[in-house]
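To start, the structure itself, in structure tokens.
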Amino acid sequence: MPLPVPEQPWQVVSLDFTTGLPTTTSGHDVILVVIDKFSKIGHFIPTHTTARTEEASQLFVGNIISQHGIPTTLISDRDPKFTSKFWKELMSLLGTKLAMSSAYHLQTDGQTESLNQIVEQLLRAACKDKISKWDLHLPILEFA
232 MPLPVPEQPW
242 QVVSLDFTTG
252 LPTTTSGHDV
262 ILVVIDKFSK
272 IGHFIPTHTT
282 ARTEEASQLF
292 VGNIISQHGI
302 PTTLISDRDP
312 KFTSKFWKEL
322 MSLLGTKLAM
332 SSAYHLQTDG
342 QTESLNQIVE
352 QLLRAACKDK
362 ISKWDLHLPI
372 LEFA
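Residue numbers (our numbering): 232 to 375.
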């Protein structure tokens, strides 16, 4: 069943991790990709594979909720961080509905998956000589 079209920005948000990246000098090897389903604006937040659910939630609150408010719906894949009791309770306290995408069901969260691929391509182009500092290029990629 398709999700309803949001009526305003930052009401429905999707998030996913871009993994398999080289470790930067800052210790980042993952990007938390967050997309507003209304405006298609994305935020790219550097993090690391070993980040726990609590750290991921702090990144989400500190980078998304603090700037855009609390979303009514959050779409994600079934990453263990997003299916954890902690994450579910946090979203419940915020009044945010969790919508989990099915594996290989791009209709639910294809926008985030597509943006993940674009981010990887842009990072390769931007960081030819300084791949160990790809995380420093993320703010400009958000603008691209």
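We put the CB at the ideal spot given by N, CA and C, even for glycine.
Beta-carbon contacts of residue 274 that lie in its chain and below 7 Å, excluding the five residues immediately before and after: Within the sequence shown, the letter at position 43 stands for residue 274. Around residue 274: 265, 294, 295 and 373.
Residue 278, enclosing beta strand (DSSP E) - first and last residue: Locating residue 278 in the sequence shown gives position 47, where the first residue counts as 1. 273-278 is the extent of the beta strand (DSSP E) around residue 278.
C-beta atoms of residue 261 and residue 279 nearer than 8 Å: Against the sequence shown, residue 261 aligns to sequence position 30. Against the sequence shown, residue 279 aligns to sequence position 48. Yes; because the gap between Cβ atoms is below 8 Å, this pair is in contact.
In DSSP terms, what residue 328 is bridged to: In the sequence shown, the residue the question calls residue 328 occupies position 97. Its beta-bridge partners are 304.
Span separating the alpha-carbon of residue 299 from that of residue 243: Here the question's residue 299 lines up with position 68 in the sequence shown. Here the question's residue 243 lines up with position 12 in the sequence shown. Cα to Cα, residue 299 sits roughly 11 Å from residue 243.
Extent of the continuous alpha helix (DSSP H) run through residue 245: For this step, residue 245 is matched to residue 14 along the sequence shown. First-last for residue 245: 243-249, but that is the beta strand (DSSP E), not the alpha helix (DSSP H).
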